[in-house]
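First comes the structure, then the notes that go with it.
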């Protein structure tokens, strides 16, 4: 029964810490855009697979290179 004298103040302290963290998160903008991150994963921002990437060794010569030779 004596343990309750430590548990009650401890739970009050943890409750106050939780409230302080909640207010901090609300003021710092943590809850501003809740759906943005959820939709961002669905956005397709990959490169077009039809366009082939050329490595630097196999690139096309520029117009300036053709005039020289």
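Residue numbers (UniProt numbering): 1 to 69.
Cβ coordinates follow ideal geometry from the N, Cα and C atoms, glycine included.
Quantities reported herein were computed from a predicted structural model and do not represent experimental measurements.
* **DSSP three-state assignment for residue 29, whether helix, strand or coil** => coil
* Asked: Any heavy atom of the ligand COA closer than 7 angstroms to the Cβ of residue 1?
  -> Because no ligand of any kind appears in the structure shown, any question about the ligand COA cannot be addressed here.
* Between which two residues does the alpha helix (DSSP H) carrying residue 2 extend? -> It is not in any alpha helix (DSSP H) - residue 2 carries neither H nor E in the DSSP assignment.
* Report yes if the CB atom of residue 25 is closer than 8 angstroms to the CB atom of residue 31, and no otherwise. => yes
* Determine the direct distance from the alpha carbon of residue 41 to that of residue 17, and round the result to whole angstroms. => 33 angstroms
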